[in-house]
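Asks: The structure that follows is given in the form of structure tokens.
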């Protein structure tokens, strides 16, 4: 009886194990060594190898996994489409040469579509002089119809309001026999709309303040990433014992900023990419792979580069993975580097300082993810949107008696633009990583790390 019970339990365990393994094919595939995963991905279109070739490949893969720190790795998995927008640093004429700059405002990216938001670039002293010019108001008024709030509100908001105002004008002018048949508000109705305008203006002001707070917090978190990257690069050159580990740390710092850009922006901060493209995911990966290959520009490709590309294809948190690799270097440095000896108490303090800078990077990552994943409470924003829509379509009825058929429509558009423009600006600021120049910040981190490495007096 006991033998039958044991045989039944063992068969049941095998069935359950088989089901659990079938339910988790991705985890099993991701647990393979990187050399095996890349070789299988790169050889999917080639004929199956012979047994001798398979044996050689297995032997080479095991050797690669054993000596991964000194062995050259295969190229990261290639995308199905080539990189189209990224220009390597050495090929750029100027830091902003990969952007299509607006001819009117030379410090912002040109808006390719009507619904695109305003994306400012880093300011220089020349841009600040233009920003503070005494002629700024004249220039701003002349470019009103080309501004992002006005163009974004043209359709459907202004279009619907114009239809309502046009129907009102046609009825009162061509259908109504005398003014007593006009469809418009009296003095009491106009006063009620004026009171509602004050309340709606306060509501949109609160929404703008909340959105700007998110924008300022996002910029502050990216500033922490910039400062922590500089500190980590300089401290790694001072305190990491192994030169190869120090160089690897510098590359990881530069790769972290690139990975953070693509982690916070679905298009990798490439405004020309469109979410409606059928191969959107592959196009983003092509740009990501091109930037990572630009970071690792030496002849020997690193395992960290392959890992970062594989993580990106798997949808993993690449910045967090890179920070974990940094901590692996710190842990290796804590035992004396290549010789394996335990470091002294002073070494532990220095390694603790290195880990503090990595912790700053991880904390900033968490702050940025909080802004990215949590909007302003939608009950507030939707309520404000509903009130604005109803209010803007009530304006023609409130001002028709005073403005007449000629000025009702332009006055309605002007009044609506003053309040709805503020609300549209707050919508643009609510998602800070869609309008902040993340690539310029990433390029700044790379330039700072390269300068620190060149200025540090190595022996």
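Numbering (our numbering), first residue to last: 11 to 469.
Using N, Cα and C, we set each Cβ at its ideal position, and we do this for glycine too.
1. Helix, strand or coil for residue 453? Go by DSSP, reduced to three states.
2. Which two residues bound the contiguous alpha helix (DSSP H) that contains residue 245?
3. Return the chain-ordered list of same chain residues with a C-beta closer than 8 Å to the C-beta of residue 287, the five sequence neighbours on each side being excluded.
4. Starting from residue 441, follow the alpha helix (DSSP H) in both directions and report where the run begins and ends.
5. Looking only at its own chain, which residues have a Cβ that is under 6 Å from the Cβ of residue 195, when we skip the five neighbours before and after it?
6. Please go through the same chain and pick out, in chain order, the residues whose beta-carbon is closer than 8 Å to the beta-carbon of residue 122, but skip the five residues on each side of it.
7. On a CA-only basis, which of 269, 446, 456, 465 is nearest residue 230? Give me that one, please.
8. With distances taken Cα to Cα, identify the nearest neighbour of residue 98 among 298, 432, 333.
9. DSSP three-state label for residue 162, please.
10. Counting along the chain, where does the alpha helix (DSSP H) carrying residue 187 start and finish?
11. Can the beta-carbon of residue 433 be found closer than 8 Å to that of residue 398?
12. Which of helix, strand or coil does DSSP assign to residue 149?
13. Tell me, please, which residues DSSP counts as bridged to residue 118.
14. Leaving out the 5 sequence neighbours to the left and right, which residues in its chain are closer than 8 Å to residue 256 when beta-carbon positions are compared?
15. Any idea what DSSP makes of residue 111, helix, strand or coil?
16. Residue 317 and residue 331 - do their beta-carbons sit closer together than 8 Å?
17. Compare the C-alpha of residue 420 against each of 147, 145, 173, 166 and name the closest.
18. Counting C-beta neighbours from all protein chains within 10 Å, is the total for residue 452 16 or more, i.e. buried, or is it exposed?
19. Considering only residues of the same chain and omitting the five flanking positions on each side of residue 270, which have a CB-CB separation below 6 Å?
20. For a quick check, are the C-beta atoms of residue 436 and residue 218 less than 8 Å apart?
21. Tell me the DSSP secondary structure of residue 281 in three-state form.
22. How big is the Cα-Cα spacing for residue 233 and residue 371?
23. Closer than 7 Å by C-beta to residue 40: which residues in its own chain qualify, once you throw out the five before and the five after it? Chain order, please.
24. Taking the beta carbon of residue 175 as the centre, do at least 16 other beta carbons fall within 10 Å, making it buried, or is it exposed?
25. May I have the straight-line CA-CA distance separating residue 474 from residue 198, to the nearest angstrom?
26. By the three-class DSSP mapping on this structure, what secondary structure does residue 424 have?
27. Check residue 86 in the structure and name its three-state DSSP category.
28. Just confirm the distance between the C-beta atoms of residue 260 and residue 459, as a whole number of angstroms; I'd bet it's less than 8 Å.
29. Taking all protein chains shown into account, do 16 or more other C-beta atoms lie within 10 angstroms of the C-beta of residue 430, making it buried, or fewer, making it exposed?
30. Any idea what DSSP makes of residue 406, helix, strand or coil?
31. Between which two residues does the alpha helix (DSSP H) containing residue 329 stretch?
32. Could you check what DSSP says for residue 173 in three-state terms: helix, strand or coil?
33. Using the beta-carbon count (16 or more within 10 Å), is residue 243 buried or exposed?
34. With a threshold of 16 other CB atoms inside 10 Å of the CB of residue 302, please say whether the residue is buried or exposed.
35. Closer than 7 Å by C-beta to residue 210: which residues in its own chain qualify, once you throw out the five before and the five after it? Chain order, please.
36. Once DSSP output is grouped into helix, strand and coil, what is the label at residue 325?
Replies: With the structure as the only source:
1. helix
2. For residue 245, the uninterrupted alpha helix (DSSP H) run begins and ends at 197 to 249, by DSSP.
3. 293
4. Segment: none, residue 441 is in no alpha helix (DSSP H) and carries neither H nor E.
5. 407, 408
6. 110, 281, 282
7. 446
8. 298
9. helix
10. Neither: residue 187 is in no alpha helix (DSSP H) and is coded neither H nor E.
11. yes
12. helix
13. When beta bridges are read from the DSSP output, residue 118 appears opposite 130.
14. 246, 247, 250
15. strand
16. yes
17. 173
18. buried
19. 329
20. yes
21. coil
22. 10 Å
23. Confidence is the limiting factor: at residue 40 the pLDDT is only 36, short of 50, which leaves the residue's position unreliable and the question unanswerable from this model.
24. buried
25. Because the chain in this structure spans residues 11 to 469, residue 474 falls outside the shown range and cannot be described.
26. helix
27. coil
28. 6 Å
29. buried
30. helix
31. 328 to 344
32. Correct three-state label for residue 173: helix.
33. buried
34. buried
35. 397, 398, 401, 429
36. Three-state DSSP puts residue 325 in coil, outside helix and strand.
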